[in-house]
Amino acid sequence: MDKPLFQRVALVGIGLIGSSLARVMRRDGLAGHIAVSARTQKTLDTVVRLGLADSVSLDAAEAVRDVDLVVICTPHSAYRTVVQTFAPALKQGAIVSDVGSVKKVVLDEIAPMLPAGVHLVPTHPIAGTEHSGPEAGFAELFENRWCVLTPAPGTDANAVARVRQLWQRAGMRVEIMEAERHDLVLAITSHLPHLISYTIVGTATDLEAWLKNEVIKFSAGGFRDFTRIAASDPTMWRDIFLVNKEAVLEVLGRFTEDLTALQRAIRRNEGDILFDAFTRTREIRRGVIDAQQHVAPKKPGENGK
Ligand code: NAP
Numbered sequence: 542m543d544k545p546l547f548q549r550v551a552l553v554g555i556g557l558i559g560s561s562l563a564r565v566m567r568r569d570g571l572a573g574h575i576a577v578s579a580r581t582q583k584t585l586d587t588v589v590r591l592g593l594a595d596s597v598s599l600d601a602a603e604a605v606r607d608v609d610l611v612v613i614c615t616p617h618s619a620y621r622t623v624v625q626t627f628a629p630a631l632k633q634g635a636i637v638s639d640v641g642s643v644k645k646v647v648l649d650e651i652a653p654m655l656p657a658g659v660h661l662v663p664t665h666p667i668a669g670t671e672h673s674g675p676e677a678g679f680a681e682l683f684e685n686r687w688c689v690l691t692p693a694p695g696t697d698a699n700a701v702a703r704v705r706q707l708w709q710r711a712g713m714r715v716e717i718m719e720a721e722r723h724d725l726v727l728a729i730t731s732h733l734p735h736l737i738s739y740t741i742v743g744t745a746t747d748l749e750a751w752l753k754n755e756v757i758k759f760s761a762g763g764f765r766d767f768t769r770i771a772a773s774d775p776t777m778w779r780d781i782f783l784v785n786k787e788a789v790l791e792v793l794g795r796f797t798e799d800l801t802a803l804q805r806a807i808r809r810n811e812g813d814i815l816f817d818a819f820t821r822t823r824e825i826r827r828g829v830i831d832a833q834q835h836v837a838p839k840k841p842g843e844n845g846k
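Counting in this note's numbering, the sequence shown runs from 542 upward without gaps.
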């Protein structure tokens with residue numbers, strides 16, 4: 542077998558994303574040793590049962606000792622606490638990465654907490670499902686998806702290249718982007734759609750009982766897709782909106798203006814305006830299909846709920 546890409550890797554937090562990465566590293570022999578840390582013993586027991594780690598610990602400092610790469614795979618709100626715990630235990634030359642959905646906050650808040658001689662390469666594998674926890678992961682999750690790296694200018698090129706290689710070996714297409722730009726793009730493509738889904742499903746939740754029952758019964762009319770997105774993890778999404786506040790408020794402002802314009806067109810019976818708006822949006826769908834981003838990742842054996 543080829544030499545592993547990293548001798549020792551630590552995953553701090555291991556839910557959907559961390560366990561999918563562990564499965565890839567196991568499948569392809571990318572790490573000589575995988576150390577895992579999580580918040581609860583229950584999760585570590587699951588990780589051991591699934592054979593995803595060579596060592597487990599509730600103490601993040603113990604997990605990162607002597608590793609070449611640490612990947613933080615927790616929700617954003619846990620970052621400061623876990624980094625505070627493990628930073629003093631990092632060896633010189635270690636790489637710290639993460640998989641969080643918002644990137645500027647990582648450079649702003651985590652970089653100053655790391656010792657000199659440690660390289661920070663923030664990462665966002667843009668792949669996921671609405672499921673959480675180590676049992677929800679699967680090695681194929683990342684295949685043909687994009688992974689965005691947002692290292693600060695001047696970051697050690699070798700560290701960036703090694704992180705890039707890891708995600709490429711997981712089947713991802715990798716792009717390097719400025720963190721602020723990443724956060725704005727994702728605010729439109731991911732964060733706003735989640736906010737809209739949470740809102741629509743929330744509105745349905747507050748309906749009178751009889752109406753709610755009919756909504757659920759006839760949900761195939763479009764509502765069903767929103768319920769899938771709105772089933773996403775509440776902790777993770779609370780954190781995303783709080784740490785990407787500025788970009789989300791920016792795109793939400795534009796969205797609200799566009800929604801108001803359509804509302805007015807409906808009230809005034811302005812069919813041309815509606816028709817033109819709905820025609821323009823078809824082009825975006827065509828673009829998404831051309832870019833092969835139209836199929837949601839599914840766990841092997843799942844028939845897609
Ligand atoms: P997840 O399935 O909910 O797993 C979260 C993991 O973090 C668990 O192992 C949990 O440990 C640990 N954790 C939570 N709070 C902690 C704390 N205070 N201290 C230490 N560990 C803690 O999460 P996920 O869906 O994999 O998401 C992880 C990260 O990936 C998030 O930052 C998210 O923004 C990003 N991301 C998610 C997706 C997606 O679709 N899900 C896609 C791309 C990126 P316990 O189980 O022991 O509590």
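Backbone N, C-alpha and C fix where the C-beta goes; we use that ideal spot for every residue, glycine too.
Only a predicted model underlies this, so the values are computations on that prediction, with no experimental measurement involved.
By DSSP's assignment, residue 578 forms a beta bridge with 553 and 598. Within the segment 585-656, the runs of alpha helix (DSSP H) that reach at least 4 residues and sit entirely inside it are, in chain order, 601-605 and 620-627.
Under DSSP, residue 720 shares a beta bridge with no residue. For residue 735, the enclosing alpha helix (DSSP H) covers residues 733-746. Going by DSSP, residue 690 is part of the beta strand (DSSP E) stretching over 687-690. 9 angstroms or more divides the Cβ of residue 585 from the Cβ of residue 560. In the structure shown, residue 573 falls within a strand segment according to DSSP collapsed to helix, strand and coil.
Between the alpha carbons of residue 657 and residue 839 lies a gap of roughly 41 angstroms. For residue 763, the CB stays at least 8 angstroms from every heavy atom of the ligand NAP. Judged by the Cβ position, residue 575 fails to qualify as a neighbour of the ligand NAP at the 8 angstroms threshold, every heavy atom of the ligand being at least this far. Residue 722 and residue 749 have their alpha carbons spaced roughly 42 angstroms apart. The three-state reading of DSSP puts residue 834 in coil, since its state is none of H, G, I, E or B. Selection 601, 652 and 641 evaluated against residue 630 yields 601 as nearest (Cα-Cα). DSSP lists 689 as the beta-bridge partner residues of residue 665. Residue 547 is bridged by DSSP to 572. The beta carbon of residue 640 lies closer than 8 angstroms to those of 558, 559, 562, 612, 613, 614, 664, 665 and 666 in the same chain, with the five residues before and after it left out. Pairing residue 690 with residue 708 gives a Cβ-Cβ distance under 9 angstroms.
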